[in-house]
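The structure appears right after this line, and notes come after that.
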Amino acid sequence: MAIDWLAIAPEVALTVTALLVLAADLALRGDAKQLVNPLAMIGTVVAIVFAVVLWAEAPRVAFEGQYVVDSFAVAFKLLFLGTLLAILAISARYFAEGRYFQGEYYFLLLTAFIGMLLMPSARDLLVLFIALETVSVPAFVMVGMRKRDLYSSEAALKFFLIGVLSAALMLFGMSMVYGFTGTTRLEGIAQALAGDAGSVPLLLGSVMLVIVGFGFKISAVPFHFWAPDTYAGSPLPVAAMLAVASKAAGFAGLLTIAFVAFEPVADVWAPVLGVLAILTMTLGNLVALQQRDLIRLLAYSSIAQAGYMLIPFGLARPGAEVVNQAAVRAVLFYLIAYAVMNVGAFAVAIGVNRRTGERSIRDYAGLGTRSPLLALAMTVFLLSLGGAPLTVGLWAKFAIIEAVAVEVTVFGLVMASFLVVNSVIAFFYYLRVIREIWFEPAAAEAPRLQPALSLSVVVVVLMVGTILLGVLPGLVADPTVVTTFATGG
Amino acid sequence: MDPNTAGWALVVALFLPLVGGGALALMPAALDQQIRRAAVLITGVSFALVIAITATFDFGRSGELQFVTDVPWIAAIDARFFLAIDGISLPLFFLTYLLTLLCAIYSLKVLPPPGKPKAFLALMLMLQTGMAGTFVAFDLILFFIFWELVLVPMFFMIGIWGGPRRDYASVKFFLYTLFGSVFMLVAFLAIYFQSGAQTWSIPELSALAPFGSTTFQTWAFLGIFLGFAIKVPMWPFHTWLPDAHTEAPTVGSVLLAGVLLKMGTYGFIRIALPILPEGATRFAPIIGVLAVIGIIYGSLCCLAQTDIKRLIAFSSVGHMGFVMLGIAAMNATGIQAALFGNLAHGIITGMLFFLAGSLHERYHTRDIATIGGGMLKLLPRYGVLLTYVAVASLGLPGLAGFWGEFTAMWAAISPGVGLADSYQGLYLALVVVAALGTVLTAGYFLWLLQRVNLGDPPERWSSGHLDDVMTIEWVSWAPLLVLILALGVYPRLVFGVQDAAVTNLVGFLGG
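Structure below.
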C-alpha cells in the first residue's frame, strides 16, 4: 500500500529539520552555532504550513487506519507547532548565553515535538506508546541539561524514574488489554469492550493502568510529585515545554484512548477521572498558595489547570455522543487557551530570570517600573490563568462549565462547584504576584530589564492573543466546533 | 440621531472611554497635566454623546429598546453583541457618564499618592466602559463580561492608590465579588440550557419565562442571587464594602458607591425578576427580610463608627436595604422606588464620598473625634455642603433621598404577585421596622453633623490655615448638588422615564 505522504508531512518536515539541526551543530563552529535556532524555526514554519493544508484535507487515513489525520489531530498539531515556535523564540537567548549544548538541545526539542505530533493521530496502542516515549525520552535529557547544577540533575533523575515507572505500568496495562481483546487497534478494542469483554474485572483493571500511565504525563494528583521539582530544576524553556506541550500531548493521548478505545466502559473510568479532577485542582491550588518561588507556583498552578481539564472526562458516558463530543471540545479549547497564557507566563519568567537569576515572587516587586511590558504581560497572563474577563482564560473555564451543563448530573454539578471554588482560591495567589508587580516598590539595586527582541515579540503576540481571544473566542471556538474523531479505515 | 437606527451612537459612547484609556496609556508619563486634561476631554466627549442620546431618546416609547445593535458575536455558543437602551437603563447610563466626567475633573487637581495620573485615569476609563456596558448589554454573556470587567481596574485602583489597608481591601473586594459572579455564570448557563431557545438575549428569555420547574427556578435564582446580592451588597454579604469603600481613593469610592453598587440592583430588576419570576416570588420574602436587617444593621454600625468615610460606607448598606425592599415588593411601585432609590443613592453617596475625600485632604485624618467640630466656623461653605448632602441622605422630603425610601415602604405594604395573600403580615412588619430604620438613619447623620459641624473648632485646626471649597471642587460637585434638589422637587424627571419600561417588566412577573 502506498504511503500517504501528505498525511505525515508535518512529522516528516520536523524530522528533516531535527536531523539538519544536528548536522549543522556538528558542522558549524563558534558563534555560527546560533544559526541552528533560526533553522529550527524555519522547519517549524514549514511544518505549520503542511498542517494548515491538512486542515482542509482532513480526515485522511494512513497506514491501514493506524494513523488518522482528522480535524481533532490537526487542531492538536497546530497547537503543538505553535507552542514549539514560541518555545524556540524564548530559548534563543537563554541557551546562547548559558553556554549550553545548543545543537543537542534543539535536536532533542524537535524530537520531542515529533512525538507530540504523532500522539493525536495514533489509533493503535503501539503507535500511541511510541509517540509517548518519543516525547518523554528527549525530555529526560533536556531536564538535566544544566549538568553542573545539582538541582537540574535531581530534577532529571526524579523525572526519569517516575516517567519510566509510569511507562512500565502503561505497557503492562496495554499488554493485558491486548491479551483480552486480541487487538492493539483502538477501534478493535472498543468493539471488544462493547461486547462481552467489557465485564471482565481484570480487563477493566488494565484499562485503568493505561489511564494511570497518562496521569503521570499530565501530572494529575496523586501522580504529580515530579512536576514542581522538575520544573524548578530544569532550564526554564524546558519547564515551559513540560508544563504546556508535554502536558497537552498527554491530554491528546488520553482523549484518544479514552474516547475512542475505552468509550464503551466510560462508566468505569469517568467517575475515577472525575474524582481525580477534583483532587488535582484542589490540591494544586492549595499547595500553590504556599509557594514563594514563581516557577514552583506556576508548576502547582499548572497541576490545578490539569485538574480543570480533567472535569470533562468525568462527564463521559458510554454511547452519549453529544456529551462526549462536548467534553472533547471543552478539553481542546482549554488546552489552546492554556498554551497561550502559560507559555506567556513562562516567557515573562524567563525575561525576568535571564540575567538576574531572580525567581522568587518577592523579586517581582516593582516589576511595573522595571519593565512595564513584562509587567503588563504577566498581569494579563495571570489574570487569564485565573479566568478574568476579556482574557481567553474566562472562555476556557466557560467551555468546561458549558460541557457540564449539556446534560446536568449531580456529579457534574459537584465538579462544577469545585471548579468555581477553586477559581476563587487560584485568584488569591495570582493576585499575590500581581500585587508584588504593581503595588510594591522595586528593590533599590534592582536593574531595569531589557528582554531580548525575540522574547518580547513572543510575549507581545501571546498577550495580544490572550486578549483577542478573550474578546472574540469564536476565532478558535468556531472552527474547533467540528473537531471530531474520524474512524480509522 | 434616530433612536431606531443610531445604534452606533451607543457603541461609540460605550467604547470611547476604553479606547481613550488605551490612548492615554501610550502618552509619555512626563506629560502630567496634559494627561489629566486628555482624560477630561475623553470623558467630556463621551458625556456629550450620552447627552445627545438622551436628547434624541424617544421618551414616548421608553418601554422599548432603542439605539439597538444586535450582531452575532460568538457563534459557537450563540452569544450575540446586543446593546440597547430603554427607560430603566437610561438614568443609570447617564449617571455613569456624569460621575466619571466629574471624577476626571476632580482628578485635575487631586490625586492620592503615588500620583501616576496616567495609570490611574486609564484604569478609570476602563472601569467606565465596564460599568456603562453592564447597563446597556442585553445579552447575558455580554452582560457578564462587562460585569466582570469592572473588577480588574477597581482592584488596581484600591490596591495602588488606596489607604493603609489597601492590600487587604483590594483582594477582599476582588475575591468576594468574583465568588458571587461565578455562581451567577453557572446560573446563566443553566437558564440557557433550560430555556432550550439557543439564546442569551434578555428580552427573548424574559418573553419565554417562566420555563423550567419550580425547583430549577429556585436554584437558578439562588445562583444569580449570590452574584447580585454580593454586589448590592445585601446583609450578610456586605463585609467587603466597608473595607473597599474606606480604603479606596476618593474617585474610587465615588464610583463604587455611585455606580458599582447599582449594578447589583439593576441586575435583579433586569435579569433575575423577569427571567425567573417564580424563583423571584419564592425569594421575595427572604430578600425583604435581609433588606430590612441590612437597614437596621447598617444604621447601628454607622452609630458606632469613628471614621467618617467608614460611616458613609456603612450608610450605603442601609440605603441599599431600602432599594432591595422595593424590589422585594415585586410590584410596579416597588421597582420604581428601587430604581429611583438606586439613582438617588448614587448621586447623594457619591457626593458624600467626594466630601469625605476633600475633608481628608484638608485635615489629613478621617477620625471624627480628631476633627472635633466647628467646621461651620472654620470652613463655612464646606460645612453647609456637608449639612445639605447629609440631610438629603437621611431622606428629608424635598431632596432626592426621600422618594426612594418613602415609595419603597409604601410599595411594600401591598406586595405584588400574590405575595399579599400569604405574606401580608410579614411585609407589614418589614415596613414598620424599615420606618424605624429611617429614624436611626436620621439619628446617625444628625449626630455626625453635630460632632463635625457644630461647636468650636479645636485649637490645632483653628490656629492653622485650611482651604474652604476650591473652584475645581465647585465645578465637579455642582451638577450633583443641583440634581439632589431637582430630583427631590421633581421626581417625575426619573419616574416618568422609567414608567413604561417598569410596566413592561411587571408584565413578565405575571402579577
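Residue numbers (our numbering), protein chains in the order written: chain A, 1428 to 1916; chain B, 358 to 868. Glycine included, every Cβ here is placed at the ideal spot set by N, Cα and C.
{"Asked": "Should the segment 1732-1745 of chain A be called in touch with the segment 1701-1715 of chain A, which here means at least 3 C-beta pairs below 8 Å?", "Found": "yes"}
{"Asked": "What is the DSSP secondary structure of B/S570, reduced to helix, strand or coil?", "Found": "coil"}
{"Asked": "Under 9 Å Cβ-Cβ, which residues of chain B neighbour A/P1486?", "Found": "Within chain B, no residue comes near A/P1486; the closest Cβ sits about 21 Å away, beyond 9 Å."}
{"Asked": "Output yes or no for whether 8 Å exceeds the beta carbon distance between A/I1475 and A/L1441.", "Found": "no"}
{"Asked": "My assumption, with CB atoms under 8 Å, is that B/L482 sits in contact with B/P374. Please give the rounded CB distance.", "Found": "4 Å"}
{"Asked": "With distances taken from CA atoms, which of B/Y739, B/Q423, B/G516, B/P590 is nearest B/K619?", "Found": "B/P590"}
{"Asked": "If you run the structure through DSSP and keep just helix, strand and coil, what is B/T453?", "Found": "helix"}
{"Asked": "Checking contacts by CB at 8 Å: is B/G853 closer than that to chain A?", "Found": "no"}
{"Asked": "Using alpha carbons as the reference points, say which of B/F802, B/A713, B/L751 lies closest to B/L660.", "Found": "B/F802"}
{"Asked": "Using 8 Å for Cβ pairs, my map puts B/I684 next to B/F763. What's the rounded Cβ distance?", "Found": "The Cβ separation is near 16 Å, so there is no contact."}
{"Asked": "Classify A/V1849: buried if its beta carbon has 16 or more other beta carbons within 10 angstroms, exposed otherwise.", "Found": "Sequence inspection shows Asn at residue 1849 of chain A; the Val mentioned does not correspond to that position. With 16 or more Cβ atoms within 10 Å of its Cβ, A/N1849 is classed as buried."}
{"Asked": "Let me confirm a value: A/Y1521 is counted as buried when at least 16 other C-beta atoms fall within 10 Å, else exposed. Which label applies?", "Found": "buried"}
{"Asked": "CA-CA distance, B/V741 and B/H702?", "Found": "20 Å"}
{"Asked": "Roughly how many angstroms separate the alpha carbons of A/V1837 and A/R1744, rounded to a whole number?", "Found": "14 Å"}
{"Asked": "Excluding sequence positions up to five away, which residues of its chain have a Cβ less than 6 Å from the Cβ of B/Y654?", "Found": "W592"}
{"Asked": "Where do the ends of the alpha helix (DSSP H) carrying A/Y1533 lie?", "Found": "1529-1545"}
{"Asked": "Using only alpha-carbon positions, find the residue among A/S1518, A/P1816, A/V1564 that is nearest to A/A2002.", "Found": "Because chain A here runs from 1428 to 1916, residue 2002 of chain A falls outside it and cannot be looked at."}
{"Asked": "Which full runs of the alpha helix (DSSP H) of 4+ residues lie inside the segment 373-408 of chain B, going along the chain?", "Found": "none"}
{"Asked": "Are there three or more Cβ pairs, one per stretch, closer than 8 Å when the segment 534-546 of chain B is compared with the segment 517-526 of chain B?", "Found": "no"}
{"Asked": "Does the segment 1771-1789 of chain A come within contact of the segment 478-498 of chain B, defined as at least 3 CB pairs closer than 8 Å?", "Found": "no"}
{"Asked": "Taking its Cβ as the centre, do 16 or more other Cβ atoms sit within 10 Å of B/H822, making it buried, or is it exposed?", "Found": "exposed"}
{"Asked": "Using alpha carbons as the reference points, say which of B/G794, B/L647, B/A461, B/T556 lies closest to B/G609.", "Found": "B/A461"}
{"Asked": "Going along the segment 513-526 of chain B in order, which residues come within less than 7 Å of chain A, judged by CB to CB distance?", "Found": "F513, G516, I517, D524"}
{"Asked": "Using a C-beta cutoff of 8 Å, does B/A441 count as contacting chain A?", "Found": "no"}
{"Asked": "By the DSSP assignment, the beta strand (DSSP E) with A/D1656 in it spans what residues?", "Found": "A/D1656 -> not in any beta strand (DSSP E); alpha helix (DSSP H) instead, spanning 1653-1660."}
{"Asked": "Specify the secondary structure class of B/F884 as computed by DSSP and reduced to three states.", "Found": "Nothing in the structure corresponds to residue 884 of chain B, since chain B is present only between 358 and 868."}
{"Asked": "For A/I1705, which of helix, strand or coil comes out of DSSP?", "Found": "helix"}
{"Asked": "Quick one: measure Cβ to Cβ for B/I692 and B/V863, integer angstroms, because I've assumed they're closer than 8 Å.", "Found": "7 Å"}
{"Asked": "Rounding to the nearest angstrom, what Cα-Cα distance links A/S1518 and A/A1754 in this structure?", "Found": "34 Å"}
{"Asked": "I want to verify the contact list: residues of chain A whose CB lies under 8 Å from the CB of B/V493, in sequence order.", "Found": "Chain A residues near B/V493: none, gap ~16 Å exceeds 8 Å."}
{"Asked": "Can you round the beta-carbon distance between A/L1544 and A/E1438 to whole angstroms, since I take them to be within the 8 Å contact cut?", "Found": "5 Å"}
{"Asked": "Report the option in B/I399, B/A395, B/D359 whose CA atom is closest to the CA atom of B/A370.", "Found": "B/I399"}
{"Asked": "Nearest by alpha-carbon distance to A/L1721: which of A/I1763, A/L1481, A/A1774, A/P1698 is it?", "Found": "A/A1774"}
{"Asked": "Based on Cα-Cα distance, which residue from B/I829, B/G678, B/L709, B/P815 lies nearest to B/L793?", "Found": "B/G678"}
{"Asked": "Can you check which of these residues, A/G1660, A/V1860, A/L1858, A/G1820, is closest to A/E1581 by C-alpha distance?", "Found": "A/G1660"}
{"Asked": "In chain order, what residues of the same chain lie with their CB nearer than 8 Å to the CB of A/L1433, ignoring the 5 residues before and after it?", "Found": "F1477, V1480, L1481, E1484, R1487"}
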